[in-house]
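Here's the structure we're looking at; comments come further down.
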Amino acid sequence: MTVTRGEAGAGVRARPGPGSGSESGKRPEDESGSGVMIAFGQQLKLLRLRAGLDRTEFGKRVGYAAQSIASFEQGRRIPQPEFIDKSDAVLDAGGLLIALKEEVARAQYPPFFRGAAGLEKKATGLCVYGLYAVPGLLQTADYARAGFELERPLLDEEDIERGVSARLARQEIYDRRPAPLLSFIVDESVLRRPIGGWPTLHGQLEQILSIGSKRNVEVQVMPLNREDHAALGGPFTLIDTAQGQRLAYAEVQGDSRLYTDRATVRELEARYGIIRSQALTPRESSEFIEKLLGER
Numbered sequence: 001m002t003v004t005r006g007e008a009g010a011g012v013r014a015r016p017g018p019g020s021g022s023e024s025g026k027r028p029e030d031e032s033g034s035g036v037m038i039a040f041g042q043q044l045k046l047l048r049l050r051a052g053l054d055r056t057e058f059g060k061r062v063g064y065a066a067q068s069i070a071s072f073e074q075g076r077r078i079p080q081p082e083f084i085d086k087s088d089a090v091l092d093a094g095g096l097l098i099a100l101k102e103e104v105a106r107a108q109y110p111p112f113f114r115g116a117a118g119l120e121k122k123a124t125g126l127c128v129y130g131l132y133a134v135p136g137l138l139q140t141a142d143y144a145r146a147g148f149e150l151e152r153p154l155l156d157e158e159d160i161e162r163g164v165s166a167r168l169a170r171q172e173i174y175d176r177r178p179a180p181l182l183s184f185i186v187d188e189s190v191l192r193r194p195i196g197g198w199p200t201l202h203g204q205l206e207q208i209l210s211i212g213s214k215r216n217v218e219v220q221v222m223p224l225n226r227e228d229h230a231a232l233g234g235p236f237t238l239i240d241t242a243q244g245q246r247l248a249y250a251e252v253q254g255d256s257r258l259y260t261d262r263a264t265v266r267e268l269e270a271r272y273g274i275i276r277s278q279a280l281t282p283r284e285s286s287e288f289i290e291k292l293l294g295e296r
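Numbering-wise, my numbering puts 243 at position 243 of the sequence shown, and it's gapless, one number per residue.
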């Protein structure tokens with residue numbers, strides 16, 4: 001079975017930001033996600049008023065500015081899980097807000113990526129190939145923001161910040177226990193492309209080194225001087241589920257697909273295995289990235 005974006009519930013063109021996973025851009029099919037945020041915001045406001053707190057005082061108790069509280073209540077900004085937990089306790093909501101936490105988390109992604117995002121969050125292993133930009137799970141906030149700012153048509157500031165927040169939220173995968181096994185292969189051209197300028201790229205390269213030093217993470221670089229390259233068709237991700245199934249996700253030019261049929265997944269598995277052997281080893285890759293950092 002191959003699930004395309006349209007079959008998953010999205011019916012119009014999406015506008016993905018650079019990297020694995022599209023977390024920003026306004027689309028008609030986002031209405032269900034917006035509805036969740038509006039409902040959460042209304043509940044939050046009612047509970048705050050019931051507690052007799054203005055936004056400033058409530059913000060102090062949960063560690064957020066009054067302006068942020070207003071954005072949450074108006075459904076314009078997606079709250080982090082910690083905010084929801086604190087708010088439920090401070091407002092004595094009895095779990096009402098916490099009950100919405102999972103739906104709120106899903107609402108930060110466009111419908112066509114929600115299925116893949118849910119699988120990624122619970123995956124026991126990921127194999128990620130990045131050909132055009134640094135994969136989202138490796139991105140810094142500055143790099144992600146620069147990518148969203150480059151999108152055309154232009155995104156609103158709120159959409160950009162929502163996209164950055166959603167992309168960084170996916171990186172909670174590094175804090176999971178038991179830790180999933182994560183493999184990244186990144187094309188050298190990606191590491192040389194100064195999206196956001198050199199300071200942004202410098203910070204991004206440092207973050208790749210930092211994440212790559214984790215025991216459950218391997219980062220490999222596919223150098224430009226390789227004559228053989230088995231995966232020039234585009235980036236993709238292999239996803240291992242807790243049920244022992246392996247799925248594949250691919251996204252390019254606004255079209256995303258989640259592959260579940262074994263034949264297609266095996267083809268992508270084979271490609272990943274080949275480019276893994278063609279790329280630099282993790283140790284060689286770290287040395288290569290350190291060399292790039294020293295070029296400026």
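C-beta atoms are modelled at their ideal positions from N, C-alpha and C, and glycine is treated no differently.
The structure presented is a predicted model; accordingly, all values stated were derived computationally and were not measured.
Within the DSSP secondary-structure output, G125 pairs in a beta bridge with L181 and D240.
The distance from the Cβ of P135 to that of Q220 is about 12 angstroms, inconsistent with a contact at the 8 angstroms cut-off. The C-beta separation of A51 from L97 comes to about 12 angstroms, leaving the pair out of contact by the 8 angstroms criterion.
With contacts defined as CB atoms closer than 8 angstroms, I185 and I275 qualify as a contacting pair. Between the stretch 254–274 and the stretch 130–145, the count of C-beta pairs closer than 8 angstroms stays below three; the two stretches do not touch. In this structure P180 does not touch T237 by the C-beta definition: roughly 12 angstroms separates them, more than the 8 angstroms allowed. The residues V219, Q220 and V221, in chain order, have a CB closer than 6 angstroms to that of S285 in the same chain once the five nearest residues on each side in sequence are set aside. Shown here for A66: same chain residues with a beta carbon closer than 7 angstroms to its own, the five before and five after excluded, namely R55, T56 and G59 in chain order.
Look at S213 here: in three-state DSSP terms it is coil, with no helix or strand label. In the three-state reduction of the DSSP assignment, A230 falls in the coil class, being assigned neither a helical nor a strand state. Here W198 has R296 as same chain residues with Cβ atoms under 7 angstroms from its own Cβ, once five neighbours each way along the sequence are excluded. The alpha-carbon separation between K121 and L191 amounts to approximately 26 angstroms. In this model, E161 and A169 are separated by some 12 angstroms (Cα to Cα). Secondary structure note for A263: it is in no beta strand (DSSP E), and the uninterrupted alpha helix (DSSP H) holding it is R262 to Q278. One alpha carbon belongs to D159, the other to F148, and they sit about 9 angstroms apart. Apart from sequence neighbours up to five positions away, the residues of its chain that approach R226 with a beta-carbon distance below 6 angstroms are Q278, ordered along the chain. Secondary structure at Q67: helix, using DSSP grouped into helix, strand and coil.
The C-beta of T241 has fewer than 16 other C-beta atoms within 10 Å across all chains shown, which makes the residue exposed. Beyond the five residues adjoining it in sequence on each side, R215 comes within less than 8 angstroms, by CB distance, of A179 in the same chain, given in chain order.
One alpha carbon belongs to I84, the other to R76, and they sit about 15 angstroms apart.
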